[in-house]
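Below is one structure, written out as C-alpha cells, with a few remarks after it.
Protein chains in written order, with my numbering: chain A, 630 to 989; chain S, 10 to 173.
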C-alpha cells in the first residue's frame with residue numbers, strides 16, 4: 630500500500646512537470662519587458678533568497694526565507710520579504726546599523742553615508758560591499774527538506790527491521806533495502822575491497838542518497854527547480870569531504886605511489902611525482918565539476934527548450950518544445966541516479982586506492 | 010561567473026547539514042539496516058549449511074540402513090545355510106544310525122537263525138541217530154535172520170545217511 634502511494638505521487642509529479650514549467654514561463658512573458666531567456670534560465674539555475682512559487686496576475690507568491698549576514702556590527706538577520714521581491718537594489722533595508730540592498734540575488738551593504746546604490750557601466754554597484762552571507766537560501770531550504778525526507782524514509786525503514794523479529798523487509802524497507810545492498814555490493818565492495826569497505830559504508834550511502842534526492846528535487850518544477858546539486862558550492866563541499874577522507878585514509882602504499890612510484894626508473898619517478906601530486910587534487914575537482922555541470926546543463930536544456938516558445942513568440946513551437954523538454958526530462962531522471970552513482974563509485978574508488986595494500 | 014563561484018553560505022550550510030545527516034543516518038539508519046541485512050545473510054547461509062549437513066546425514070543414514078539391511082540379509086542367508094546343513098546332518102546321522110541299527114538287527118537275526126539252524130540240525134541229528142538206531146534195531150532184528158540181507162541193509166542205510 631505504501632509503495633503504491635509513492636508511485637502515485639511520483640507519477641503525478643512527472644505529469645505535472647512540463648505543464649508547470651509551461652505555466653511559469655507564460656507568466657514571465659506576460660510582463661511588458663522583452664523576454665530574456667538568459668536571465669530567466671540563470672534565475673532558475675542559481676540560488677535565490679526567497680522561495681518563489683508562482684506569479685498570479687503579476688503578483689509573486691513566494692515563501693520568504695531568512696537572510697543571515699555577518700557584518701561589521703555582528704550578526705544581522707531579517708526576512709527576505711523586507712525587500713518586497715525587489716532584485717534590482719531599489720529597496721533599502723536598514724538593520725543593525727547597516728543598509729542592505731538585494732541585487733541579482735546578492736546582498737550588498739551600502740557604504741557609510743550612502744542612501745541608494747550607484748552603478749558603473751557594467752551594472753556593478755560602486756558604493757556597496759558584500760558582507761559574509763550565510764542566509765537560508767532556496768537551496769539551503771530545499772536541502773533541509775531533502776534531509777527531512779531522507780531521515781523519514783531511512784529511519785522508518787530501519788524501524789521496520791527493529792519491529793520484525795525475522796528481519797524481513799516489508800513496506801518501505803523493501804524499497805530501501807535493494808538500494809542499500811546495491812551501494813554495498815556494487816559500489817563499496819568491488820571498489821574498496823572486502824576487508825575495508827565497512828568503514829566507508831555510512832559515508833557512501835549518505836552521499837549517494839543525498840545527491841540522488843537533491844537531483845530529483847531539482848527536477849520537480851513546483852519546487853521551482855531548486856538547483857542544489859547543480860550548484861557548485863554543494864558539489865564543492867561534497868568533493869572536499871571525499872578529498873579529506875581519501876587523504877586521511879591514505880596508507881604508506883598510497884603515498885609511495887604518489888611521491889616515489891615503485892617499479893619505474895628514477896628519472897620517471899621524479900617526472901611522475903608532480904603529476905601524481907596534481908592528481909590528488911584533480912580527482913575531487915573532477916567530481917565537483919562533473920556533478921555540477923551535468924545537473925546544471927540538464928536544467929538549462931529544459932528551460933532553453935521552453936524558452937523557444939517565447940523567443941519565437943508563437944504557440945506553434947509549443948508542442949515541439951514540450952515534447953523535447955519531456956524527452957530531456959526523462960533522460961534527466963535517469964541522470965539523477967547515474968550522477969549520484971558516479972559520484973559515489975568514484976569516491977569509493979579513491980578510498981580504495983588510498984587503502985590498497987602493496988601487492989606482493 | 011557566479012555560476013562557477015561557490016558561495017560561502019551554501020558551502021557552510023551544506024557542510025553542516027551533511028555532517029549532521031551523516032551522523033544521524035549512520036547511527037539510526039545505516040547501522041540497523043546493514044546489520045539486519047548482514048544478519049539475514051548470515052542466517053540464510055547457516056540455514057543452507059545446515060540443510061547441506063542434514064542432506065549429508067540423510068545420506069549417511071541411508072547408507073547405514075542399506076548396510077544394516079545387507080547385514081541382515083547375510084545373516085539370514087547364513088542362518089538358512091546353517092539350518093540346511095543341520096538338517097542334512099541330522100538326516101545323514103539318522104540314516105547312519107538306522108543303518109547301524111539295521112545291521113545290528115540283521116546280525117542278531119542272522120545269529121538267531123544260525124543258532125536255530127544249529128539247534129535244528131542238532132535236533133535232526135539226534136532224531137536221525139535215534140531213528141537210525143531204531144531202524145538199525147529193526148533191520149538188525151529182521152536181517153539178522155538172513156546174513157545176506159543184513160549186509161545189504163546196512164549198506165543202503167549208510168548210503169541214505171550220507172545223503173543227508
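Where is the CB? At the ideal position from N, CA and C, for every residue including glycine.
- What residue 48/S touches in chain A, judged by beta-carbon distance under 7 Å, is 796, going in chain order.
- The beta carbon of residue 30/S sits closer than 8 Å to some beta carbon of chain A.
- Distance from residue 833/A to residue 691/A at the Cβ level is roughly 36 Å; contact not present, criterion being Cβ atoms closer than 8 Å.
- Scanning the stretch 668-737 of chain A from its first residue to its last, the whole beta strand (DSSP E) runs of 3-plus residues come out as 679-685, 688-693, 695-700, 703-708, 722-724, 727-732.
- Under the DSSP assignment, residue 923/A falls in the alpha helix (DSSP H) whose first and last residues are 895-941.
- For residue 25/S, the enclosing alpha helix (DSSP H) stretches over residues 17-34.
- Per DSSP, residue 663/A lies in no alpha helix (DSSP H) and is assigned neither H nor E.
- The criterion of a C-beta distance shorter than 8 Å is satisfied by residue 773/A and residue 26/S.
- Approximately 7 Å separates the beta-carbon atoms of residue 674/A and residue 12/S; this is inside 8 Å, confirming the contact.
- When C-beta atoms of the stretch 770-788 of chain A are compared with those of the stretch 34-48 of chain S, three or more pairs fall below 8 Å, so the two segments count as touching.
- By the CB criterion at 8 Å, residue 931/A and residue 957/A fall inside the cutoff.
- Residue 813/A: not part of any alpha helix (DSSP H); DSSP gives it neither H nor E.
- Within the same chain, 868, 871, 872 come within 6 Å of residue 913/A by CB-CB distance, once the 5 residues on both sides are set aside.
- With a threshold of 8 Å between beta carbons, residue 884/A makes no contact with chain S.
- Taking each of 682/A, 711/A, 702/A in turn and checking the Cα distance to residue 695/A, the smallest one comes out for 711/A.
- With contacts defined as CB atoms closer than 8 Å, residue 874/A and residue 981/A fail to qualify as a contacting pair.
- In this structure residue 837/A is buried. Its beta-carbon is surrounded by 16 or more other beta-carbon atoms within 10 angstroms.
- Contacts with chain A at 8 Å (Cβ-Cβ) do not include residue 53/S.
- Between the C-alpha atoms of residue 983/A and residue 883/A there is a straight-line separation of about 5 Å.
- For residue 804/A, the closest C-alpha among the options 816/A, 784/A, 817/A, 907/A is that of 784/A.
- In this structure, the beta-carbon distance from residue 728/A to residue 721/A falls below 8 Å.
- Secondary structure of residue 760/A (DSSP, three-state): coil.
- Residue 89/S counts as exposed, since fewer than 16 other beta carbons sit within 10 angstroms of its beta carbon.
- As computed with DSSP, residue 754/A is found in a beta bridge with 748/A.
- At a beta-carbon threshold of 9 Å, the residues of chain S lying near residue 762/A are 16, 17, 18, ordered along the chain.
- Inter-segment contact for the stretch 784-794 of chain A and the stretch 38-57 of chain S is present: three or more beta-carbon pairs are separated by less than 8 Å.
- Here residue 739/A carries a strand assignment [DSSP, helix/strand/coil].
- When secondary structure is reduced to three states using DSSP, residue 796/A falls in the coil class, being assigned neither helix nor strand.
- Assignment of residue 773/A by DSSP, reduced to helix, strand and coil, places it in the helix class.
- By the Cβ test, the stretch 839-853 of chain A is in contact with the stretch 957-972 of chain A, since at least three Cβ pairs between them sit closer than 8 Å.
- Between residue 954/A and residue 935/A, the gap from beta carbon to beta carbon is short of 8 Å.
- Closer than 8 Å to the CB of residue 70/S there is not a single CB belonging to chain A.
- About 19 Å separates the CB atoms of residue 921/A and residue 835/A; that is not less than 8 Å, and the two are not in contact.
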